[in-house]
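Undergrad:
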Ligand SMILES: C[S@@+](CC[C@H](N)C(=O)[O-])C[C@H]1O[C@@H](n2cnc3c(N)ncnc32)[C@H](O)[C@@H]1O
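Residue numbers (the working numbering): 88 to 322.
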């Protein structure tokens, strides 16, 4: 395991209780609604939707997504993966009334998925990977999609204001003192910033468009960006 991977795992293990108090912002919820929720509504209702969340944390989005499907009278099976054993322990507790969900500790760079999925989504996780690693993860999971299935990545973009502030935080270390919006981050959270480099969505889309049999869409949702990669359905 690389130094970066070990550091991210250790940080999320040690901050798992702090992160448990987190809930999504209105803008993040919008990004979920305009990607995952919209896509799920396009699926045929006669079979359970098979979904996977990569880097599921303590299960926030899995629970919300299953709740939406349940409210629509839809069934699903949901796989959640995360490298942090502590976050997976909390996710198992958080999802204890959700038998359709299975969560496992896994490093996304080593995990070899099996089975087929209608939807795979990755929220605020690509920020821990290099561009080459992001492409590797996308290609690994694209191969597991049913025709018409999709992968949705949501994160802040490399060239967004948030990313530029993050880069300044990494270099100066004390940006939180100048920037009121960062004051709520404790010194412990600042360490997480050191491990983040936001993904370049346009570059990802450009590289993916070279592959046959997929469509690629990039959208802005306030400070978030999404990449949706769809495997073409048979004609
Ligand atoms: C910012 S959190 C996002 C969690 C969740 N997607 C959410 O939006 O609530 C990033 C998550 O990515 C996980 N992660 C980072 N590197 C990973 C890797 N190599 N394999 C699996 N999970 C990883 C972390 O443990 C952490 O839970």
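No residue lacks a Cβ here, since even glycine has one placed at the ideal position from N, Cα and C.
Return the CA-CA distance between residue 278 and residue 250, expressed in angstroms with no decimal places.
TA: Locating residue 278 in the chain shown gives position 191, where the first residue counts as 1. Locating residue 250 in the chain shown gives position 163, where the first residue counts as 1. The alpha-carbon atoms of residue 278 and residue 250 are separated by roughly 15 Å.
Undergrad: Could you tell me the alpha carbon to alpha carbon distance between residue 177 and residue 146, rounded to whole angstroms?
TA: Numbered from its first residue, the chain shown carries residue 177 at position 90. Numbered from its first residue, the chain shown carries residue 146 at position 59. For residue 177 and residue 146, the distance between alpha carbons rounds to 8 Å.
Undergrad: From 284, 189 and 129, pick the residue whose C-alpha is nearest to that of residue 144; which is it?
TA: As a first step, residue 144 is located in the chain shown; it is residue number 57 there, counting from the start. It is 189.
Undergrad: Run the proximity test for residue 185: is its beta-carbon closer than 8 Å to any non-hydrogen atom belonging to ligand 1?
TA: Counting from 1 along the chain shown, the entry for residue 185 is found at position 98. The answer is no for residue 185.
Undergrad: Given this structure, state the Cα-to-Cα distance separating residue 213 from residue 142, to the nearest angstrom.
TA: As a first step, residue 213 is located in the chain shown; it is residue number 126 there, counting from the start. As a first step, residue 142 is located in the chain shown; it is residue number 55 there, counting from the start. So the two alpha carbons sit approximately 9 Å from each other.
Undergrad: Going straight from the alpha carbon of residue 329 to that of residue 241, what length do you get?
TA: Look at the range of the chain in this structure, 88 to 322, and you will see that residue 329 is not part of it.
Undergrad: List the endpoints of the continuous beta strand (DSSP E) containing residue 372.
TA: For the chain, the structure presents residues 88 to 322; residue 372 sits outside this window and is missing.
Undergrad: Can you list, in chain order, the residues of its chain with a C-beta nearer than 6 Å to that of residue 175? Leave out the 5 residues immediately preceding and following it.
TA: On the chain shown, residue 175 is found 88 positions in, with the first residue counted as 1. Once the five neighbours on either side are set aside, the close Cβ partners of residue 175 are 169, 190 and 192.
Undergrad: Just to confirm, is the Cβ distance from residue 137 to residue 159 under 9 Å?
TA: The count along the chain shown starts at 1 and reaches residue 137 at position 50. The count along the chain shown starts at 1 and reaches residue 159 at position 72. No; because the gap between Cβ atoms is not below 9 Å, this pair is not in contact.
Undergrad: Whose C-alpha, out of 97, 119, 131 and 205, is nearest the C-alpha of residue 150?
TA: For the purposes of this step, residue 150 is taken as the residue at position 63 of the chain shown. The candidate whose alpha carbon is nearest that of residue 150 is 119.
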